[in-house]
Each structure stands twice: as C-alpha cells, then as structure tokens.
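Student: First residue of the sequence shown? That's 6 in the numbering used here, and the numbers climb one at a time after it. Please see the structure below; I have some questions.
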Amino acid sequence: VVASLHGGAGSTFLIHNFTRYLSSQNIITGILEASNKSSIWLEIVRREIGLANDFESWCKQILRTGSITQAARLELKNTHLLPFDPHDQMDQLSSEHIQAIIQAGRQLPYLFIDLSSDWDNPIANEAIKNCDEFWVVTRPDPNQLYAQQKHKRTFLNKAIQYIGGENCIFIG
C-alpha cells in the first residue's frame, strides 16, 4: 500500500515511475487505485493508451456481478491498472467486495494499492490489513510531517498493529 501523507506529496508519482522501471525490467505489476477523491490513473490511461468503450471500472463490476473480469484491467506496458471511476460509489462496497478486488489484484506478481491522500475510505482500511508494506510518501518538511502524522495517527497505529512498524516506510 502506498499513500501520500498529505495532498501533493507524490504517492501516485512514485508508483508511476517505479512501475515503469519494473516494466522496463520485464516485471509485471498491478496498480489498484483506491481513492474516491479523484481518478488519476483513469486519466493516465486515457492519455497514454486510450480507454475502450466497453470499459467498466472494478467498483462497478464488483457491485454488479460480485467479481472482476479482465475488462476492468487496463494494461500499460507490463503494468495492469485497476483505476477508480469518479462516478463509482465506493461507500456501497462491502468488506467481501473489497477483499475480492484485493485478491484479484494479488494474482499479479506485485500489486501497489494507491491510496493517494485518501486514507479514510473502506478500501484503505481493508488494504492495510492485507499488505506486506505500507509506504508513506511525504515532502521533506518537518512541520508538515509532524502535523500530518498527528492528524493520521489512528490509521498509522492500525498499520503498525497489522503489519509491524518495520514495514511502515516513510519516503520523502
């Protein structure tokens, strides 16, 4: 799981560049967009490869059918993207729905779940229970770091409880 400690810190930028590097090494990755504040990955796909007319987001598919089909995955040079659509209704997802999408993504060798700065959504809470590492991207600003750490303390404590402090990595 990768998240920005505050808006604009760069979790999406980090994932984008890191998965591009892994792709150049022929390593297959997946990115699950788990923020309902915006659809950055959907815009990246539209810009870089275009979006098929029959595209249906993972959120819509799982709410409609209870499963994820290949049509929800978009491939960009060895990186499988599962973007969020701003019209999706993430608040209607059950814990079982969220587990199903995470398990679908985990079929790939490496899965990055991009929370951006949206730590208060249902997927963030489930993802932190199932991740190997939690990367927190921040700017090198001690005041911002202190303010946001205090603001997001509950979620950080949950991460430490589920995966251990040594697997919570601050980048920035």
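Ideal placement from N, C-alpha and C gives every residue a C-beta, glycine not left out.
1. Could you round the C-beta distance between A39 and D119 to whole angstroms and report it? I think they count as a contact, below 8 Å.
2. Taking DSSP as the reference, what is the three-state secondary structure of H102?
3. Quick one: using the 10 Å Cβ neighbour count with 16 as the cut-off for buried, is N126 buried or exposed?
4. How about P127: is its C-beta nearer than 8 Å to some C-beta of chain D?
5. Quick check on the burial criterion: 16 or more other C-beta atoms within 10 angstroms. Buried or exposed for P114?
6. Just the Cα atoms here: how many angstroms apart are L150 and F175?
7. With distances taken between CB atoms, is the gap from I67 to F117 smaller than 8 Å?
8. Using 8 Å for Cβ pairs, my map puts K163 next to I133. What's the rounded Cβ distance?
9. Return the CA-CA distance between I107 and P145, expressed in angstroms with no decimal places.
10. Locate the alpha helix (DSSP H) running through A14, then write down its first and last residues.
11. Can you tell me which of the three DSSP states L68 falls into?
12. Return the chain-ordered list of same chain residues with a C-beta closer than 6 Å to the C-beta of L10, the five sequence neighbours on each side being excluded.
13. Could you tell me which residues DSSP pairs with F35 in its beta bridges?
14. To the nearest angstrom, how far is it from the Cα of S16 to the Cα of T70?
Tutor: Working from what's here:
1. Between A39 and D119, the beta carbon gap of about 6 Å places them in contact (Cβ cut-off 8 Å).
2. In the structure shown, H102 sits in a helix (DSSP, three-state: H, G or I).
3. So N126 counts as buried.
4. Given the protein chain composition of this structure (a single chain), no chain D is represented.
5. Counting the other CB atoms within 10 Å of its CB gives P114 a total below 16, which places it among the exposed residues.
6. If you take the alpha carbons of L150 and F175, they lie about 10 Å apart.
7. Result no, Cβ atoms of I67 and F117 do not sit closer than 8 Å.
8. Contact flag correct, Cβ pair sits at about 6 Å.
9. Approximately 31 Å, taken between the alpha carbons.
10. Counting along the chain, A14 falls outside any alpha helix (DSSP H), and DSSP gives it neither H nor E.
11. Looking at L68 - three-state DSSP - the assignment turns out to be helix.
12. Cβ within range, chain order: V141, T143 and Q153.
13. The sequence given here has Gly at residue 35, not Phe. DSSP lists H85 and L116 as the bridge partner or partners of G35.
14. Annotation: S16 to T70 spans about 31 Å, alpha carbon to alpha carbon.
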